[in-house]
Every structure is written in C-alpha cells, then in structure tokens.
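If you read the sequence shown in the numbering used here, its first letter stands for residue 20, the second for the next number, and so on.
For every residue, glycine included, the Cβ atom is placed at its ideal position computed from N, Cα and C.
Written out below as structure tokens is the structure these notes cover.
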Amino acid sequence: MKWGLFGGTFDPIHIGHLRCASEMLEIFDLNRIIFVPAARPPHKLNAAITPFYHREQMIRIAIEGNPDFSFSDVENQREKTSYSVETVEYILDKYRLEKVELYFILGQDAFHAIQTWKEWERLLLMCHFAVMTRPGCGRRRLDEILGAEFAARFRYDEDARGFRGPTDYMIYFREVTFLDIASSNIRKRAKERKDIHYLVTDEVRRYILKNSLYRGV
C-alpha cells in the first residue's frame, strides 16, 4: 500500500489543495491520500485559527465522492501541539501490518523551512518526502536546505529521480500545477463578503456562508 500524507491548516481547504493532491496521487501511483489538518500547528500558535470541527467538515465535504481521498483527525486527538513526526510515527505504527509505504506531501516553501520542525532529521528518515514545486521556480540545493552534513547522507538516484537516504527513503521534487490560491485570501474575501466562487468547491463555499465563517477574521 502506498499512501500520501497531506498535512496543513486547511483554513479553508481550497481548489489548489485538491488539485495538487490529485496530481501527487497520479505521479507516485498512490493508493490513497490522507488529509491531516493540524489542530494546534506549532508555527501558528499565536494565530487565530478556525476551530478544528469546521475545518474537518470542510475537508470531508470537499473530498466526498473521491474514493482516493480520506481524512484523519489524528492531530486533534492530542491535547498538545501537533507535530508531523508524531503523526507519521502514529500512522506507521497503526498500519504496520498493512506494510504501508508512506509519502509525506508538502510544498516547496514548507520543505525549505524543514529545519524548524520538531525532530526533522528523524522525520526525514521515517518515510518518503514528496515536495511539490512550482513551474519555473528555482530549486535550492539539498545541502542548502538540510545543511551539508545531513544532506551528505542522501545520494541522488537517477532511476528514481530523487535523493535516497540512509534508510532507503527518498526525497522527491515534483512539479505540479500550482493554482495561485491562498487560504488567507479566501478568509479575507469572506470577511469582506466578496465572492469566493471557484476558489473553493461549491459545497465548501456554501458551508462557509451557512456558518458565517471568517466574518470576524
């Protein structure tokens, strides 16, 4: 089983998230992509975040009918701050009998900041990393992102088109169709009562309007 783990705040989930997930599913021939919203993301502890319940409902609504997409509330089950290394560890342990091959999906900007993540070195050795890049966007060298000493543990594999680490897990960089949509802009438009058609699915748009989300943001 090959699963993609797609984390984020998803406040709200939008068309860009869904399109990227769909392309990564195809690129890596994944069996499933699991959307994992952060409950208390460490890099946004002081930010106003929509309650988990609403973000969960919007994800469920957005992916409904797609058998390749699923949802996990694993990060909301913890009382403390959400950390990706703990989520990956949990998934691998819970589904160890299924022998899941896990691909951690994230954007290029997030990967560039990987050294700010909890136990980031251990995390990179626990599963594959699938980094989504923008068309025409320059790519920094791996040693610039990870530091020369840790990056030296990875070797480029021509056949796999990625960097193979000491635990045989890969770091891939793959270009996807990035739609220039930001959740922050959707929240701003919703607050100002502006149209958000085609930025989110119609079902998510109706949910936002029905629950008056982002009116006070």
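Environment of residue i [buried if 16+ CB atoms lie within 10 Å]
{"i": "residue 101", "result": "buried"}
{"i": "residue 145", "result": "buried"}
{"i": "residue 231", "result": "exposed"}
{"i": "residue 94", "result": "buried"}
{"i": "residue 218", "result": "buried"}
{"i": "residue 58", "result": "buried"}
{"i": "residue 212", "result": "exposed"}
{"i": "residue 216", "result": "exposed"}
{"i": "residue 180", "result": "exposed"}
{"i": "residue 114", "result": "exposed"}
{"i": "residue 116", "result": "exposed"}
{"i": "residue 69", "result": "buried"}
{"i": "residue 175", "result": "exposed"}
{"i": "residue 20", "result": "exposed"}
Proximity below 8 Å, CB of residue i to CB of residue j
{"i": "residue 150", "j": "residue 121", "result": "no"}
{"i": "residue 148", "j": "residue 191", "result": "yes"}
{"i": "residue 153", "j": "residue 127", "result": "yes"}
{"i": "residue 56", "j": "residue 38", "result": "no"}
{"i": "residue 29", "j": "residue 78", "result": "yes"}
{"i": "residue 34", "j": "residue 227", "result": "no"}
{"i": "residue 53", "j": "residue 25", "result": "yes"}
{"i": "residue 51", "j": "residue 87", "result": "yes"}
{"i": "residue 183", "j": "residue 169", "result": "no"}
{"i": "residue 49", "j": "residue 23", "result": "yes"}
Residues bridged to residue i (per DSSP)
{"i": "residue 122", "result": "23 and 147"}
{"i": "residue 152", "result": "194"}
{"i": "residue 176", "result": "181"}
{"i": "residue 51", "result": "22"}
{"i": "residue 89", "result": "53"}
**Message:** Between the segment 164 to 179 and the segment 198 to 212, can you find at least three pairs of beta-carbon atoms closer than 8 Å?
**Reply:** no
**Complete beta strand (DSSP E) runs within the segment 184 to 218 (minimum length 3 residues, chain order)** = 189 to 194
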